[in-house]
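Student:
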Amino acid sequence: MLGVVRSDNQCQVIIGNTVSQAYREVVNLLPGDLRPAEPQGKAPLTLKRIGAGILDALIGTMSPLIPAIIGGSMVKLLAMILEMSGALPKGSPTLTLLALIGDGAFFFLPLMVAASAAVKFKTNMSLAIAIAGVLVHPGFIELMAKAAQGEHVEFAFIPVTAVKYTYTVIPALVMTWCLSYIERWVDRITPAVTKNFLKPMLIVLIAAPLAILLIGPLGIWIGSAISALVYTIHSYLGWLSVAIMGGLWPLLVMTGMHRVFTPTIIQTIAETGKEGMVMPSEIGANLSLGGSSLAVAWKTKNPELRQTALAAAASAILAGISEPALYGVAVRLKRPLIASLISGFICGAVAGIAGLASHSMRRRGCLPACSFSIRPIQ
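For the sequence shown, the UniProt record's numbering assigns the number 1 to the initial residue and increments by one for each residue that follows.
1. Among the residues of its own chain, which have a CB less than 7 Å from the CB of residue 194, if the five just before and after it don't count?
2. Helix, strand or coil for residue 378, going by three-state DSSP, please let me know.
3. I'd like the ranges of any alpha helix (DSSP H) spanning at least 4 consecutive residues and lying wholly in the segment 168 to 222.
4. Quickly, what does DSSP pair residue 24 with across the bridge? List them, please.
5. Here's a check: name, in chain order, each residue in its chain whose Cβ is nearer than 8 Å to the Cβ of residue 110, leaving out the five neighbours to either side.
6. Alpha carbon to alpha carbon, how far is residue 236 from residue 84?
7. Between the C-alpha atoms of residue 100 and residue 256, what's the straight-line distance to the nearest angstrom?
8. Taking the Cβ atom as the reference point for each residue, do residue 243 and residue 352 lie within a distance shorter than 8 Å?
9. Put residue 121 into one of helix, strand or coil per three-state DSSP.
10. Between the alpha carbons of residue 175 and residue 234, how many angstroms are there, rounded?
11. Taking contact to mean at least 3 C-beta pairs separated by less than 8 Å, is the segment 255 to 269 in contact with the segment 304 to 312?
12. CB-CB under 8 Å to residue 31, same chain, minus the five flanking residues each way: which ones, in chain order?
13. Out of 280, 208, 337, 66, state which residue places its alpha-carbon closest to the alpha-carbon of residue 127.
14. To the nearest angstrom, how far is it from the Cα of residue 245 to the Cα of residue 336?
15. Do residue 304 and residue 73 have their beta-carbon atoms positioned less than 8 Å apart in this structure?
16. Are the beta-carbon atoms of residue 344 and residue 284 separated by less than 8 Å?
17. Considering just the uninterrupted stretch of the beta strand (DSSP E) at residue 13, what are its terminal residues?
18. CB residue 357 to CB residue 247, shorter than 8 Å?
19. Locate the alpha helix (DSSP H) running through residue 257, then write down its first and last residues.
20. Alpha carbon to alpha carbon, how far is residue 378 from residue 349?
21. In terms of residue numbering, what span does the alpha helix (DSSP H) encompassing residue 277 cover?
22. For residue 316, tell me which candidate among 288, 129, 307 has the shortest Cα-Cα distance.
23. Can you list, in chain order, the residues of its chain with a C-beta nearer than 8 Å to that of residue 273? Leave out the 5 residues immediately preceding and following it.
24. Which of the three DSSP states, helix, strand or coil, is assigned to residue 321?
25. Among 10, 155, 117, 82, whose alpha-carbon lies nearest the alpha-carbon of residue 61?
26. One question on the structure: do residue 115 and residue 69 come within less than 8 Å of each other, judged by their Cβ atoms?
27. Can you give me the C-alpha to C-alpha distance between residue 93 and residue 78, rounded to a whole angstrom?
28. Please go through the same chain and pick out, in chain order, the residues whose beta-carbon is closer than 8 Å to the beta-carbon of residue 147, but skip the five residues on each side of it.
29. For residue 242, which of helix, strand or coil comes out of DSSP?
30. How should residue 6 be labelled, buried or exposed, when 16 other C-beta atoms within 10 angstroms of its C-beta is the threshold for buried?
31. Just list the residues that DSSP pairs residue 159 with in beta bridges.
32. What is the DSSP secondary structure of residue 288, counted as helix, strand or coil?
33. Please return the same chain residues whose Cβ sits closer than 6 Å to the Cβ of residue 269, not counting the five positions on each side in sequence.
34. State the CB to CB distance for the pair residue 50 and residue 332, rounded to an integer number of angstroms; the pair is presumed to be in contact (CB under 8 Å).
35. Kindly identify the DSSP beta-bridge partner or partners of residue 4.
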């Protein structure tokens, strides 16, 4: 013990670098009914338990972020309406600032996810935010843009895969989950006298490269494999590939894998003037998420949930901004997510059979739907 500080009705005991060990000893001295709940023994891993654990982590992390996501999406919807109605000319400073205000919550979503996940996984919030901040740092974004253009980027002689982390959820969530284990391991191996400076340094040096070299690229690698598979199916059964994409799209958005399709969409529109697989399936998925949110608003007796669901439905259906419906309603209640996946598959099948195609990279909602055309399969 390094000292005691008395202030008003408080008595603070100064422990120093060995505070974690002292805490454990004090807990052992408490009566049984006052001790923190002991973690339950590890049950055997099953697919059901893994799925339940993933959903629990998503719900526990995203629920506190719903107000920011809905607020940002409604501001983006307002900016879109003002532009399309002609109330504000395209490119005006007011419209640009409105778009930036609405986009802030989405651009820095990894930071918010890291902070919320740190509470969920009981790890250090400042370290989680610091590591997530690396992923959205302007210098890192510029470096990833160079890597995407073919420039060789490496860290400690290991090639770095080009990944865009802004607007994503899963990389920061998985990184923070890993951080909770890294922090405990580093705490055990660092001497007490060096914990104040060596422990946080080692945690950052381990967790940040892990996120950059493995966690983020893993989603890109899986997404690229899905992209290759779906485009192969599209060459043989065009409508079926659109249906599959419509059913998978919400899951791809959650993991950030949907970004791997962007270069192919741009290239296809540039070469043929239209894109008839990914973008039609996305509008079907967005409408499905919006529809499931409307159903929740209709059925629920909870006024707060009804308001959230209505705002999420408006965002998804009108503007094609599906994150509020996905995280605020579908993932949170589970059944709307299942309904959205089934409906997305059906909508994708209808869009594929009808030959729906998009002629631009605009958002996929009812307001920007004028960029689509129909040419049914003969």
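We put the beta carbon where it would ideally sit given N, CA and C, even for glycine.
Tutor: Walking through what the data contain:
1. Nothing meets the Cβ criterion.
2. Low confidence applies to residue 378: its pLDDT is 45, below 50, so where it sits in the model is not reliable enough to give any reading.
3. Complete alpha helix (DSSP H) runs here, min 4: 170 to 189, 195 to 210.
4. Note: residue 24 sits in no beta bridge, so no partner.
5. Counting only Cβ-Cβ distances below 8 Å, and skipping sequence neighbours, we find 132, 135, 136, 165, 166, 168, 169, 171, 172.
6. Straight-line measurement puts the Cα of residue 84 at about 38 Å from the Cα of residue 236.
7. Roughly 21 Å between the two C-alpha positions.
8. For residue 243 and residue 352, yes; Cβs fall inside 8 Å.
9. When DSSP states are grouped into helix, strand and coil, residue 121 belongs to the coil group.
10. One C-alpha to the other measures close to 34 Å.
11. The answer is no - the segment 304 to 312 does not touch the segment 255 to 269, with fewer than three Cβ pairs under 8 Å.
12. Closer than 8 Å at Cβ, skipping near neighbours: no residue.
13. Comparing C-alpha distances from residue 127 to each of 280, 208, 337, 66 shows the shortest one belongs to 208.
14. Distance between the alpha carbons of residue 245 and residue 336: 18 Å.
15. Not a contact, by the Cβ cut-off of 8 Å.
16. Cβ atoms of residue 344 and residue 284: closer than 8 Å.
17. First-last of the beta strand (DSSP E) with residue 13: 10 to 14.
18. Cβ distance not < 8 Å, so residue 357 and residue 247 don't count as in contact.
19. Counted as a single uninterrupted DSSP element, the stretch harbouring residue 257 is not any alpha helix (DSSP H), since DSSP gives it neither H nor E.
20. Only weak support is given to the placement of residue 378: the predicted model assigns it a pLDDT of 45, under 50, and the value that follows is read from those uncertain coordinates. Distance between the alpha carbons of residue 378 and residue 349: 15 Å.
21. Going by DSSP, residue 277 is part of no alpha helix (DSSP H) at all; its letter is neither H nor E.
22. For residue 316, the nearest C-alpha among the options comes from 288.
23. Result list for residue 273: 359, in chain order.
24. The answer is coil: DSSP assigns residue 321 none of H, G, I, E or B.
25. Closest in C-alpha terms to residue 61, from the list 10, 155, 117, 82, comes 117.
26. No.
27. Distance between the alpha carbons of residue 93 and residue 78 is about 15 Å.
28. The residues 153, 160, 161, 162, in chain order, have a CB closer than 8 Å to that of residue 147 in the same chain once the five nearest residues on each side in sequence are set aside.
29. Helix, per DSSP.
30. With fewer than 16 other Cβ atoms within 10 Å, it is exposed.
31. Under the DSSP definition of a beta bridge, residue 159 partners with 154.
32. Look at residue 288 here: in three-state DSSP terms it is helix.
33. These residues qualify, in order along the chain: 275.
34. With 8 Å as the limit, residue 50 and residue 332 do not qualify as a contact, their Cβ atoms being about 19 Å apart.
35. Residue 4 is bridged to 13.
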